[in-house]
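Number of protein chains: 2
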Amino acid sequence: MRVSSKAHYGLRMMTEFAKAYGAGPLSIAEVARVEHLPLAYLEQLASQLRRGGLVDSTRGVHGGYSLARPADQISVLDVVTVIEGEVSPVECVSHGYVTGTCQREGECASRGLWIRLKQSIDAVLSQTTLAELVADQSLIDSIAPAETTR
Amino acid sequence: MRVSSKAHYGLRMMTEFAKAYGAGPLSIAEVARVEHLPLAYLEQLASQLRRGGLVDSTRGVHGGYSLARPADQISVLDVVTVIEGEVSPVECVSHGYVTGTCQREGECASRGLWIRLKQSIDAVLSQTTLAELVADQSLIDSIAPAETTR
DNA sequence: ATAATTCCTACCATGACAGTCGGGATTCTC
DNA sequence: GAGAATCCCGACTGTCATGGTAGGAATTAT
C-alpha cells in the first residue's frame, strides 16, 4: 500500500512542468537541478509521461517538455496511473479484469471491500490537480522563503 | 498502490479463523484445504499473525489457531498492518517518521495529499471487520450454495 | 510410541525498483 | 556546416520484497 518513489519523482517533475507552463519547454536537466533528482532516471520517467500523453516534448537546443494540457486538468491520479499503471488493490477490481479469472469470484466476500478501497483511493488522487500542488507550493514558499536559499 | 497477495492470503486465513471462533482451534492444514492455499506459506503467515497478537496458537494434536479476540473487534486494517507493516503511501507520513529525515519537508506541497490518502485508506480498512466479511460470506453462500460444491 | 500439529530457520526464483551507461536522432546557434 | 544542447532508446546492474519450498525441532493428544 505505498506509492513508489518512481511515481513520486514523476509527480515532482510534473509540478515543475506545471510551474513552467506557458513559458516554453522545460528541460529535464533543469528539473534534475532544482529537484535534486538523477538526470538519467528522470529521462526515463519523462518518456513514460510523454507516451502517457501527459506532456509534449520538443527536441533540440531549447527543447524540453511541457504539459499537454493546463495544470488544473491533470490530476495526481493521471500521473500515478501513467507511471505505476492502474491503481488497484487487487487484480479482480482493476479495469481490465476478465470475469472468471478468479475462481473465488462467486464466493468472495472481500471483493466489495477492495472496490470501496479502490474508489476511495481514486477519489483522493483524482481530486487533487497539479495546479493545486503548485498553489500550495507558492504558499509555502511565501511563508518561509529563507529555507529555500539553503 | 496494491495489497500484496500475502496480505490477501492472511485475510482469507483470518476469515476462516473467524468462522471457527468459539469451536476450538483451527489448523492451518484445514485452512489450506478449504482456501486452496500452500500450507508451508500459510505457516509463516500464521506465525506473523500470532506475533502480531491477532491469534492465539495451540500446539499438538488437536491444535491450531484461534482469534485472540472476537471477529467484530478485528479490522481488515489490523490484519493488513500485521502482515504488510503500516499502511503508508510515503515514508514521511508513517507513524515512525522522524521529523527532518526528508530534506524537502519544509517545502513539500504534496505531503498534505499523502496524509489525506493515508487517512482515506485507513478509514476504509478499519471500518470493515472480520465479522462483516464472514456475514457477507454466509449471505453469498445462502444465495448460491450450488457453486461451492464444484 | 506415534501422529498431528505448531515453530523456526534457511533457502530460492522471480520481478519490480531505482538507477547507470552509451550512443543515436534532432534542432538551435554560430 | 560544426558544435552544443537536448530528447530518445535500449541494455545493463544491484538490491530488495514477494511468494513460495524444505527440513527439522518442539509440543501435545491418543
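Chains as they are written, first to last, in the numbering used here: chain Y, 1 to 150; chain C, 1001 to 1150. By construction, the Cβ of each residue, glycine as well, lies at the ideal position given by its N, Cα and C atoms. Remember, it's a predicted structure, so these values are computed and weren't measured experimentally.
Please report how far the alpha carbon of Y/Gly60 lies from the alpha carbon of Y/Ser5, in whole angstroms.
-> 29 angstroms
Between C/Asp1141, C/Val1124, C/Ala1131, C/Asp1136, which lies nearest to Y/Met1 when the distance is taken from Cα to Cα?
-> C/Val1124
Grab me the residues of Y/Gln48's own chain with a C-beta within less than 8 angstroms of its C-beta, minus the 5 sequence neighbours each way, in chain order.
-> Gly10, Val82, Ile83
Chain Y contact residues for C/Gly1112, given Cβ-Cβ distances below 8 angstroms = Asp136
Y/Val79 and Y/Met14: beta carbons closer than 8 angstroms?
-> yes
Could you name the residues that DSSP lists as bridge partners for C/Tyr1065?
-> C/Leu1026, C/Ser1057
Report, in whole angstroms, the separation of the C-beta atoms of C/Ala979 and Y/Ile140, which I expect to be a contact under 8 angstroms.
-> The structure shown does not extend to residue 979 of chain C, since chain C spans only 1001 to 1150, so no value can be given for it.
Which residues mark the beginning and the end of the alpha helix (DSSP H) in which C/Ala1018 is found?
-> 1005-1019
Is it buried or exposed for C/Arg1012, if we count other Cβ within 10 angstroms and need 16 for buried?
-> buried
Who are the Cβ neighbours of C/Leu1117 in its own chain at under 7 angstroms, not counting the five residues just before and after it?
-> Pro1089
Hey, is C/Leu1113 close to the ligand GDP, as in C-beta under 7 angstroms from one of its heavy atoms?
-> Here there are no bound small molecules, and the ligand GDP is not part of this structure.
Whose C-beta lies closer than 7 angstroms to the C-beta of Y/Leu133 among residues of the same chain, with five residues either side of it excluded?
-> Thr15
Considering Y/Ala135, what are the terminal residues of the alpha helix (DSSP H) in which it resides?
-> 130-143
Of the listed residues C/Arg1111, C/Thr1128, C/Val1034, nearest to Y/Gln103 (C-alpha basis) = C/Val1034
Taking 8 angstroms as the threshold, find out whether the region 20-33 of chain Y comes into contact with the region 60-69 of chain Y through three or more Cβ pairs.
-> yes
Taking all protein chains shown into account, decide if Y/Val3 is buried (16 or more other Cβ within 10 angstroms of its Cβ) or exposed.
-> buried
If you measure from the beta carbon of Y/Ile140 to each beta carbon in chain C, is any gap under 8 angstroms?
-> yes
For Y/Ser126, which three-state DSSP category applies?
-> helix
Enclosing alpha helix (DSSP H) for Y/Thr81 [first to last residue] = 76-84
Residue burial classification, C/Thr1128 (beta-carbon count within 10 angstroms, cutoff 16) = buried
Determine the DSSP secondary structure at Y/Ser120, reduced to helix, strand or coil.
-> helix
Neighbourhood of C/Arg1050 by C-beta, 8 angstroms cutoff - its chain only, sequence neighbours within 5 removed | Asp1056, Ser1057, Tyr1065
Please decide whether C/Val1003 counts as near chain Y, where near means a Cβ-Cβ distance under 8 angstroms.
-> yes
Going straight from the alpha carbon of Y/Val24 to that of Y/Pro38, what length do you get?
-> According to the sequence shown, residue 24 of chain Y is Gly rather than Val. Going from the Cα of Y/Gly24 to the Cα of Y/Pro38 covers about 23 angstroms.
Roughly how many angstroms separate the alpha carbons of C/Ser993 and C/Val1076, rounded to a whole number?
-> Outside the modelled stretch of chain C, which goes from 1001 to 1150, sits residue 993 of chain C, for which no answer is possible.
Smallest Cα separation from Y/Leu130: which of Y/Glu43, Y/Ala68, Y/Ser94, Y/Glu91?
-> Y/Ala68
When we look at the beta-carbon of C/Ala1029 and count the other beta-carbons within 10 Å, is it buried (16 or more) or exposed?
-> exposed
What residue range is occupied by the uninterrupted alpha helix (DSSP H) comprising C/Gln990?
-> Shown here, chain C extends from 1001 to 1150; a query on residue 990 of chain C therefore has no answer.
Hey, C/Asp1136 and Y/Gly112 are a contact pair by Cβ (cut 8 angstroms); roughly how many whole angstroms apart?
-> 7 angstroms
If you drop the 5 nearest sequence neighbours on each side, which residues of the same chain put their C-beta closer than 7 angstroms to that of Y/Ser154?
-> Residue 154 of chain Y is absent from the structure shown; chain Y starts at 1 and stops at 150.
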